[in-house]
Ligand code: GLU
C-alpha cells in the first residue's frame, strides 16, 4: 500500500505487544497457552490506588487536565524523585504522560532532526529503535554481550559518539535482560558523557523498584550531578505499582525540554487519563511497603526460572540483577530439529516452534537486538512458571 510513509515502512511492529496479542488470541481459540511474553506484573493494582480512582470519578475529575499532568501529580513525582533518588526537580521540570513509552517517544519527537543519532545499547527494549526512527533519527546500536553481563563498556560508548549524537538511551535494570549497572560501572559511563557535553542522557528507570539483593540502583543524574542539566530521568507507575493498564509515566528534566515536550503533546494526545492521574498520586504518595512484597515474589520467581532453565542442556541463563525478565542464550540449540520437524535456525524459529508445539509464548531475542536468545517475563505465578519451564525442558529434550 503506497499511501504509507517511508518512515513507517522502516518500523517493525513491537514484538512484545504482537506476541502478547497473539497469545491472547490463541487462548481465546481455546488453546492451552502460557503467556510469558508481556512484561507486566501479575499482581492486582493495590486497593488504595483503585479507591483513589473511584473517588476521582465520583468527584467529577473527569475533564481535560493540564496537558502534561495535574499539579498534585507533578508534586508527587517531584517528592518521589527527592525521596528515592536524591534528585531535586521543580514542578516545571516534570512531565506526566500516558505511560513511560509516551514520555520517551515525546522526548525524541521534541529533539530529533534527520541525521541525529541516538545510541542504544543492545539488548534493548524493542521500542527504542522504532521510536528513534519514527522521530526521524538514526539508531546507533552498541552491543552489551552476554560475556559482559549484557552491559556496554565505557570504551564502546566512547567509540559510538559522533558529532551527530544527540542521546544515549540508558536502561538499568534492563528490559529484556534484567541486567543492572553497579554504581561503579555507571560512573564509568557518566565519565564518558561528561567528556562529550553535546550528548544528552535519557535514563529509563522503569524497573528501579525491582532490584534484587546485591544490586544498588542509582539514577545517573543522582550519581553524576554534572549531567543533570542534560538528563531526562524517566519512570512510571506501571511496573512498580502493578498499574500497566492505567498508562501513567513521568519524567524530570530541564525546563526547556519539558516545555517542548508539552508543546508536542498539546498537538497530539493532550493529557493522560485524568482518573489514572489521581490513582498515580495515591500510588506515589501512599504506602510503599507492599513494593517489598512484590520484590520478594519476583526474586523467588527469578531464582526458580534461572535454576530450571540452566538445568536444560543447550540453554545458558545468566542471573539478572533486577526487573522481571530473564534472557537466556540458546546458542546450544541452534541447528537442531524439533519433534515436529522444524529446524531451529534462529531464536525466532525457536520461539515460534515453542509456541506452536508447547503453547509457551516467549519473545525472540532478535527483537531486542541480540541473538540467539529469548526473553521470559516471569511476572506470573510460581505454578505457571513451573509448568512453563517443564514444557520448555520437554521441548528441548525432544530436539535432535
Ligand atoms: N514494556 C513491556 C514489555 O516489554 C510491555 C509491552 C511493551 O510496551 O513493550 O513487555
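In the working numbering, the protein residues as written are 2 to 401. The beta carbon of each residue, even a glycine, is placed where N, CA and C say it ideally should be.
- Give every residue of the same chain whose Cβ lies closer than 6 Å to the Cβ of residue 359, excluding the five residues on either side of it in the sequence, and list them in chain order. In the chain shown, counting from the first residue as 1, residue 359 sits at position 358. Taken in chain order, the residues that qualify are 392 and 396.
Between the CA atoms of residue 351 and residue 191 - distance to the nearest angstrom: Residue 191 sits at position 190 when you count from the first residue of the chain shown. Residue 351 sits at position 350 when you count from the first residue of the chain shown. One C-alpha to the other measures close to 37 Å.
* Asked: Does DSSP classify residue 168 as helix, strand or coil?
  -> The residue given as residue 168 occupies position 167 in the chain shown. For residue 168, the three-state secondary structure derived from DSSP is strand.
Review point. Once you ignore the five residues that flank residue 1 on each side, which residues in its own chain have a CB closer than 7 Å to its CB?
Key: The shown model of the chain, from 2 to 401, leaves out residue 1, and the question about it has no answer.
query: Got a sec: does the ligand GLU put a non-hydrogen atom nearer than 8 Å to the Cβ of residue 126?
result: On the chain shown, residue 126 is found 125 positions in, with the first residue counted as 1. Result yes, Cβ under 8 Å from the ligand GLU.
Next on the checklist: Which residue wins for smallest C-alpha separation from residue 217, given the options 206, 226 and 227?
Outcome noted: For the purposes of this step, residue 217 is taken as the residue at position 216 of the chain shown. For residue 217, the closest alpha carbon among the candidates 206, 226 and 227 is that of 206.
Please report the straight-line C-alpha distance between residue 303 and residue 390, rounded to a whole angstrom. Locating residue 303 in the chain shown gives position 302, counting from the first residue. Locating residue 390 in the chain shown gives position 389, counting from the first residue. Straight through space, the alpha carbons of residue 390 and residue 303 are spaced by roughly 12 Å.
*asked:* Looking at the ligand GLU, does it come within less than 8 Å of residue 18, judged from the CB to the closest heavy atom?
replied: Here residue 18 is taken as the residue at index 17 of the chain shown, counted from 1. The closest heavy atom of the ligand GLU lies less than 8 Å from the beta carbon of residue 18.
- Can you check whether the CB of residue 378 is closer than 9 Å to the CB of residue 37? Numbered from 1 along the chain shown, position 36 holds the residue referred to as residue 37. Numbered from 1 along the chain shown, position 377 holds the residue referred to as residue 378. A contact, by the Cβ cut-off of 9 Å.
Tell me the start and end of each unbroken alpha helix (DSSP H) in the segment 225-277 that is at least 4 residues and wholly inside, in chain order. Counting only runs of at least 4 residues, the segment 225-277 fully encloses the following alpha helix (DSSP H) elements, listed from N- to C-terminal order: 256-267.
message: With H, G and I counted as helix, E and B as strand and the rest as coil, what does DSSP make of residue 345?
response: Residue 345 sits at position 344 when you count from the first residue of the chain shown. Coil, per DSSP.
Requested in this report: State yes or no: is the C-beta of residue 176 nearer than 8 Å to some heavy atom of the ligand GLU?
Outcome: For the purposes of this step, residue 176 is identified with residue 175 of the chain shown, where counting begins at 1. The answer is yes for residue 176.
For a minimum of 4 consecutive residues, which ranges assigned as the alpha helix (DSSP H) are wholly contained in the segment 306-392?
Segments of the alpha helix (DSSP H) lying fully in the segment 306-392: 348-359.
Would you kindly work out how many angstroms separate the C-alpha atoms of residue 66 and residue 312, rounded to a whole number?
Residue mapping note: residue 66 aligns to position 65 of the chain shown, counting from 1. Residue mapping note: residue 312 aligns to position 311 of the chain shown, counting from 1. Distance between the alpha carbons of residue 66 and residue 312 is about 52 Å.
Using 9 Å as the threshold, is the C-beta distance between residue 93 and residue 278 below it? Mapped onto the chain shown, residue 93 falls at position 92. Mapped onto the chain shown, residue 278 falls at position 277. In this structure, the beta-carbon distance from residue 93 to residue 278 does not fall below 9 Å.
*Assigned exposure category for residue 1 - 16 Cβ within 10 Å defines buried*: Residue 1 falls outside the range modelled here, since the chain spans only 2 to 401, and no answer is possible.
For residue 149, count neighbouring C-beta atoms within 10 Å of its own C-beta (all shown protein chains included) and say buried if the count is 16 or more, exposed if not. Here residue 149 refers to the residue found at position 148 of the chain shown. With fewer than 16 other Cβ atoms within 10 Å, it is exposed.
Residue 102 CB to nearest heavy atom of the ligand SAH below 8 Å: No copy of the ligand SAH occurs in the structure displayed; its ligands are the ligand GLU alone.
So, does the segment 114-121 touch the segment 169-183, judging by three or more C-beta pairs under 8 Å?
With the rule of 3 Cβ pairs closer than 8 Å, the segment 114-121 counts as touching the segment 169-183.
(message) Am I right that residue 212 and residue 174 are in contact with their C-beta atoms under 8 Å? What's the rounded C-beta distance?
(response) Position 211 of the chain shown, counted from the first residue, corresponds to residue 212. Position 173 of the chain shown, counted from the first residue, corresponds to residue 174. Contact holds; Cβ gap of about 6 Å.
Selection from 309, 250, 345 and 210 that minimises the alpha carbon distance to residue 107
For this step, residue 107 is matched to residue 106 along the chain shown. Ranking 309, 250, 345 and 210 by Cα distance to residue 107 puts 250 first.
Helix, strand or coil for residue 122? Go by DSSP, reduced to three states. For the purposes of this step, residue 122 is taken as the residue at position 121 of the chain shown. Reduced to three states, the DSSP call for residue 122 is strand.
Taking 7 Å as the limit between beta carbons, can you name the residues of its chain near residue 110, skipping five residues before and five after? Residue mapping note: residue 110 aligns to position 109 of the chain shown, counting from 1. Here the set comprises 136 and 265.
Open item on the list: What does the alpha-carbon distance come out to for the pair residue 228 and residue 4?
Closed with: Position 227 of the chain shown, counted from the start, is the residue given in the question as residue 228. Position 3 of the chain shown, counted from the start, is the residue given in the question as residue 4. If I take the Cα positions, the gap works out to 43 Å.
Alpha-carbon spacing of residue 362 relative to residue 126, whole angstroms = Position 361 of the chain shown holds residue 362. Position 125 of the chain shown holds residue 126. Going from the Cα of residue 362 to the Cα of residue 126 covers about 17 Å.
Can we count residue 39 as close to the ligand GLU, meaning its CB is less than 8 Å from some heavy atom? Within the chain shown, numbered from 1, the residue matching residue 39 stands at position 38. At least one heavy atom of the ligand GLU is nearer than 8 Å to the Cβ of residue 39, so yes.
Out of 26, 60, 112 and 237, which has the shortest C-alpha to C-alpha gap to residue 257? Translated into positions along the chain shown, residue 257 becomes position 256. Closest option to residue 257, Cα to Cα, is 112.
| request: Give the DSSP-derived three-state secondary structure of residue 31 in the structure shown. | output: As a first step, residue 31 must be located in the chain shown, where it is residue number 30. The three-state secondary structure of residue 31, taken from DSSP, is coil.
Check your understanding: Taking one C-beta from the segment 147-165 and one from the segment 28-36 each time, how about it: are there three or more such pairs within less than 8 Å?
Key -> Judged by Cβ distances under 8 Å, the segment 147-165 makes no contact with the segment 28-36, as fewer than three pairs qualify.
Checklist entry - Heavy atom of the ligand GLU less than 8 Å from the Cβ of residue 99, yes or no? => result Sequence index remark: in the chain shown, residue 99 carries index 98 (1-based). Not so, every heavy atom of the ligand GLU lies at least 8 Å from the Cβ.
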